[in-house]
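Below is one structure; the comments refer to it alone.
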Amino acid sequence: MIKTYAVDQKHKFDLTLVQDCSDAEKLQLEDTFNIPPALLEYVDDKDEPARIEIGTDSEYVLMVFWAPMKETSHSEPVSVIFYDEKLFLFTSSEMAFVNHTIDSLWNHAYDKRVAFILDLILPIVRKYIGRASRLEYRADQIQGDLSIRSRMKHLDDLTLVNQDAIYLRSAIQENSSSFAEIKSISQDTDVPFDKKCYRKLHNIQLEINQASRMISLISESVEQLSNTYDRLINNNLNDIMRFLTVWSLLLAVPPIVSGFYGMNMHLPLAKGSLAWLASLVLTGILMLGLLIYLHNHHSV
1 MIKTYAVDQK HKFDLTLVQD CSDAEKLQLE DTFNIPPALL EYVDDKDEPA
51 RIEIGTDSEY VLMVFWAPMK ETSHSEPVSV IFYDEKLFLF TSSEMAFVNH
101 TIDSLWNHAY DKRVAFILDL ILPIVRKYIG RASRLEYRAD QIQGDLSIRS
151 RMKHLDDLTL VNQDAIYLRS AIQENSSSFA EIKSISQDTD VPFDKKCYRK
201 LHNIQLEINQ ASRMISLISE SVEQLSNTYD RLINNNLNDI MRFLTVWSLL
251 LAVPPIVSGF YGMNMHLPLA KGSLAWLASL VLTGILMLGL LIYLHNHHSV
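Using UniProt numbering, the first residue of the sequence shown is number 1, and each one after it goes up by one.
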């Protein structure tokens, strides 16, 4: 879907928003705005890396950064093209937050395309900070439950937290690398910057650094929790094996005693009326003695 925001008294540039860009829409953009086909080749690539690319003779600037998807830890790229004094944005319909932010920002006055993009990037970065905070809360909950009782459900939750942390860290690192190159736009192209743009860029760098620190701490915390759970599981397994070993030894005593009494050999009390009772008493004494021995040797 192509949506055009025309230049007016509040805006000195045209903005074209393309959601879920199709091949037909690529052709339409090529015909209408004379955009080079090579520039549109990867705008619908869900795995496009975050970066800034400046064309030969500075005829265009391509900026790619990642934005979070709705109700998931995954992110997808947003492509921005500065071309012929116009601004083109390529998003996904699942990026409800991004698309809503674009509509909201257009209600404000902008004379520079970069200022608009920087104001779009800032809430996206803060969105990642919010998701990192929720992830940290989930990790703290798991850690609190760990002191009460270790359960398989907690292990499943920890796996999901670790998976979400990996996705978030990847997106934040990709964006951090891309945003660090934004200054090259002002240095290597004729896309205008001003002091306000540099202040906005400074705020973005502060926010992305905060997001990077948060996700690094969360990753370390999750790794420590994983190691703790591994130790607990190993300890539980050792306890189970010790329990099974002890009972295997104890339960081996009755067959041994009864086996002797079942053989064709003369044994004490074997012919009396209390022979069965004597075998039970002997079995109990042997099992108790074995249990005391194992206890003294820290096997139980």
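From the three backbone atoms N, C-alpha and C, an ideal C-beta is built for every residue, glycine too.
Please read all numbers here as calculations on a predicted model, not as lab measurements.
| Check | Outcome |
| --- | --- |
| Quick one: what's got a C-beta closer than 7 Å to Met265's C-beta in the same chain, skipping five residues either side? | With a pLDDT of only 49 at Met265, under 50, the local geometry of the prediction cannot be trusted, and no value is derived from it. |
| With a cut-off of 8 Å on the beta carbons, I'd call Ile102 and Leu120 a contact; round off their distance for me. | 6 Å |
| Please report the distance separating the alpha-carbon of Glu85 from that of Phe13. | 7 Å |
| Within its chain, find whatever has a CB closer than 7 Å to the CB of Ala96; leave out the 5 residues flanking it on each side and keep chain order. | Lys70 |
| Are the stretch 130–138 and the stretch 27–35 touching, with three or more C-beta to C-beta distances below 8 Å? | no |
| Can you give the Cα-Cα distance for Gln205 and Phe179, rounded to whole angstroms? | 7 Å |
| State the beta-bridge partners of Ala132 as determined by DSSP. | In DSSP, Ala132 forms no bridge with anything. |
| Between which two residues does the beta strand (DSSP E) harbouring Glu53 extend? | Arg51 to Ile54 |
| Using a Cβ-Cβ cut-off of 7 Å (strictly less than) and excluding sequence neighbours within five positions of Ala165, which residues of its own chain qualify? | Leu135, Ile215, Ile218, Ser219 and Val222 |
| For the alpha helix (DSSP H) containing Ser104, name the first residue and the last one. | Ala96 to Leu105 |
| Taking Ala24 as part of the beta strand (DSSP E), name the residues at either end of that continuous run. | Ala24 -> not in any beta strand (DSSP E); alpha helix (DSSP H) instead, spanning Asp23 to Phe33. |
| Our contact map puts Ile81 next to Ser184 with C-beta atoms below 8 Å; I'd like the distance itself, whole angstroms only. | Contact flag wrong, Cβ pair sits at about 16 Å. |
| The beta strand (DSSP E) that contains Ser79, what's its start and end? | Ser75 to Tyr83 |
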